[in-house]
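Down below is the structure, laid out as structure tokens.
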Amino acid sequence: MKVAVCAIVGRPSSGKSTLLNTLCGRKVAITSPVPQTTRNRIRGIVTEERGQIVFIDTPGYHQSEKKFNLFLKEQVIEALKEVDEILYLVDSTRSIGEEEHELIELVKQAGKPVVIALNKIDIPEHHAEGMVPLLKAHFPSAPIVKISAYTGEGLEDLKARLFEAAEEGPQLYPEEFYTDQEPRFRIAEIIREKAIHQTREELPHALYVEVLDVEERPDETLWARALICVERESQKGIIIGRGGEKIKTIRLQSEKELSGIFERPVRLDLRVKVVPKWRRNEGLLRRLLT
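Following this note's numbering, the numbering of the sequence shown begins with 7 at its first residue and continues without gaps.
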């Protein structure tokens with residue numbers, strides 16, 4: 007058995023969460039068109055006859071001095087210390103700029119085996135081929151695989167390269183596991199995803215979700231009470247919508263998806279709460295993001 011813990015790192019919107027979900031064959035990480043949707047280190051587990059790889063999806067690496075973004079950057083740096091190998095994901099539709107060069111140096115300094123994936127080759131405007139010489143100069147021994155996380159093209163080759171870089175060892179998780187996320191976290195993330203999709207033009211980064219109670223009821227329904235937290239009173243109205251229409255849509259979409267994940271009916275009690283300047287609250291950020 008080959009076994010490895012592998013960090014997926016890349017800039018915001020490089021497709022890390024989509025890749026994780028495609029590799030695992032199940033929805034593990036939430037996705038949205040909004041950059042920096044991922045806030046935590048999320049584990050997805052791929053188990054095959056040849057071995058097991060535990061992937062850690064990390065927040066997009068972004069240059070910013072804001073407290074919230076510094077906490078996200080810290081998630082990436084800490085993940086690189088904990089893993090056995092690194093899957094460095096590059097968006098082949100964007101040029102390699104200063105932010106990418108900073109991430110390249112961070113990956114090199116980690117001193118772990120690296121596999122590079124050039125993503126989004128399904129998009130005609132990609133320039134993956136032109137990126138290869140620069141990446142080869144920085145990572146002479148690293149395999150470079152051209153992939154599409156969306157269509158699955160190149161992923162078998164990518165997995166083969168990752169298993170080649172892995173060491174022999176015992177499985178870390180039972181083979182039926184595809185993630186190790188707690189139910190409360192999964193519920194909060196799905197609600198957050200639906201809220202982002204409903205409000206992405208107005209406040210995607212200004213909200214978080216806190217699950218207060220989870221209860222298994224006698225009728226085998228899973229019931230949860232949760233707060234969608236925003237920073238300002240005006241944002242509360244955006245989440246609720248006219249006549250409560252928007253929060254109802256968020257609730258119904260969340261219940262439908264969560265019922266599929268937990269294989270039982272899920273019912274939610276959603277409320278909206280104003281938590282002023284929460285993105286500057288260091289204690290709250292540590293609780294939410296670590």
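For glycine and all other residues, C-beta sits at the position ideal for the given N, C-alpha and C.
Start-to-end residues for the beta strand (DSSP E) that takes in residue i
{"i": "V11", "result": "8 to 15"}
{"i": "A85", "result": "Where A85 is concerned, there is no enclosing beta strand (DSSP E), although the alpha helix (DSSP H) it sits in stretches over 73 to 88."}
{"i": "E216", "result": "214 to 222"}
{"i": "A232", "result": "228 to 236"}
Beta-ladder partner(s) of residue i, from DSSP
{"i": "C30", "result": "Note: C30 sits in no beta bridge, so no partner."}
{"i": "R286", "result": "In DSSP, R286 forms no bridge with anything."}
{"i": "K91", "result": "The question names Lys, but residue 91 in the sequence shown is Glu. In DSSP, E91 forms a bridge with C12."}
{"i": "L274", "result": "A230"}
{"i": "E319", "result": "Given a span of 7 to 296 for the chain in the structure shown, any question on residue 319 remains unanswerable."}
{"i": "D225", "result": "Its beta-bridge partners do not exist; DSSP assigns none."}
For residue i, three-class secondary structure by DSSP
{"i": "K279", "result": "strand"}
{"i": "A35", "result": "coil"}
{"i": "E54", "result": "strand"}
{"i": "D163", "result": "helix"}
{"i": "R100", "result": "coil"}
{"i": "T205", "result": "helix"}
{"i": "R292", "result": "helix"}
Exposure label - residue i; buried when at least 16 CB within 10 Å
{"i": "D63", "result": "buried"}
{"i": "A172", "result": "buried"}
{"i": "I129", "result": "exposed"}
{"i": "R17", "result": "buried"}
{"i": "A85", "result": "buried"}
{"i": "G243", "result": "exposed"}
{"i": "H132", "result": "buried"}
{"i": "G21", "result": "buried"}
{"i": "A116", "result": "buried"}
{"i": "R223", "result": "exposed"}
{"i": "P39", "result": "exposed"}
{"i": "S70", "result": "exposed"}
Continuous alpha helix (DSSP H) stretch holding residue i: start and end
{"i": "A5", "result": "For residue 5 there is no data in the structure shown, the boundaries of the chain being 7 and 296."}
{"i": "F268", "result": "251 to 268"}
{"i": "E239", "result": "239 to 246"}
Any non-hydrogen atom of the ligand NAP closer than 7 Å to residue i Cβ
{"i": "S38", "result": "Summarising the ligand content, the structure contains no ligands, and the ligand NAP is consequently not present."}
Ranges of the beta strand (DSSP E) found wholly within the segment 110 to 154, counting only runs of at least 3: 120 to 125, 150 to 152
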